[in-house]
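A short write-up of the structure that comes next.
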Amino acid sequence: LVAIECLCVLIMSWVKALGSSEDVFDENADDISLQSKEWKYNMEKRAKDGFRDGINAGKEASLQAGFNQGYRAGALRMKAVGQLKGTASALQIWCQLQDPGSPAAASVSSLLQCVVQHEERIEAAMKRAQERPIPSVGDVSEDLANLGVGLTPEQGCGRTDCCKEDTDCSSSHSSCSTLLHSHPAGQSLEELLRWCMSIVVELGLPEGLLHHLQQIRKEFFRLCVRTFMKI
């Protein structure tokens, strides 16, 4: 009987201990919870990585598109300035050979100096644009104004119908003759082109040279329109 009682006590103690212990499925439950947390973490990480990759890809695409547009506009603008600079240099040489002391020679020299200054302003503006953060619409408009890009008719010789795209400047000889004097610095490319065309007309040079300047002006005008349409 004593042995049976001891055995019963042991069995009861074992049953009690078993009842007070953790559930046999708790370990599996912990594993499932851990896997769920890991899956949730991985999904969140993938979402963040995808969002970040999308932002980076969008930035790269936008920067590339902006670079292409800016490079194209800058190249066209510098091309127009370079063509005008070459024409003014040729006029200066011609005047020096024909009549070095004439008012026309002094006017051509002044024109060439203004073209060089205009070219330097464009280069300085492009350099500033590279050094500062992404500009706003107001900053872009201000830069375009500094570069002399505008759609309003310039005063020039005082007439708005003189030297327009399809107008023969030879018919405006008298009105343009007043431009054969020193012009102040800081002019736009449009004004410089008008000035150069007036000199060509005043000197009676071939129509081909005048047509060349008109083509430069047309290309520059189309560039202005495209630039403002994209702002």
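To convert a position in the sequence shown, counted from 1, into this note's numbering, add 371.
Ideal placement from N, C-alpha and C gives every residue a C-beta, glycine not left out.
Just so we're clear, the structure is a prediction, and the values are computed from it rather than from any experiment.
query	result
Could you round the C-beta distance between K456 and E490 to whole angstroms and report it? I think they count as a contact, below 8 Å.	7 Å
Quick check: what's the CA-CA separation for L462 versus M568?	11 Å
Once you ignore the five residues that flank L574 on each side, which residues in its own chain have a CB closer than 7 Å to its CB?	A475
Excluding the 5 residues flanking L482 on each side, which residues of the same chain have their C-beta closer than 8 Å to its C-beta?	A459, L462, H554, L563, W566, C567 and I570
Check whether the Cβ atoms of L581 and V572 sit closer than 8 Å, and answer yes or no.	yes
For a cutoff of 8 Å on Cβ pairs, would you count K498 as touching chain C?	The displayed structure is made up of one protein chain only, and chain C is not part of it.
Here's a check: name, in chain order, each residue in its chain whose Cβ is nearer than 6 Å to the Cβ of V452, leaving out the five neighbours to either side.	E490
Is Q406 buried or exposed, if buried means 16 or more other CB atoms sit within 10 Å of its CB?	exposed
For S473, which of helix, strand or coil comes out of DSSP?	coil
Taking Cβ positions, are I587 and Q454 nearer each other than 8 Å?	yes
Whole angstroms is fine: what's the gap from K450's alpha carbon to E590's?	10 Å
Between the alpha carbons of Q558 and V479, how many angstroms are there, rounded?	15 Å
In angstroms with no decimal places, state the Cα-to-Cα distance between R499 and G445.	14 Å
Using 10 angstroms around the beta-carbon of L468, count the other beta-carbons present and answer buried if the total reaches 16, otherwise exposed.	exposed
With burial defined as no fewer than 16 other Cβ atoms inside 10 Å of the residue's Cβ, what is the status of R423: buried or exposed?	exposed
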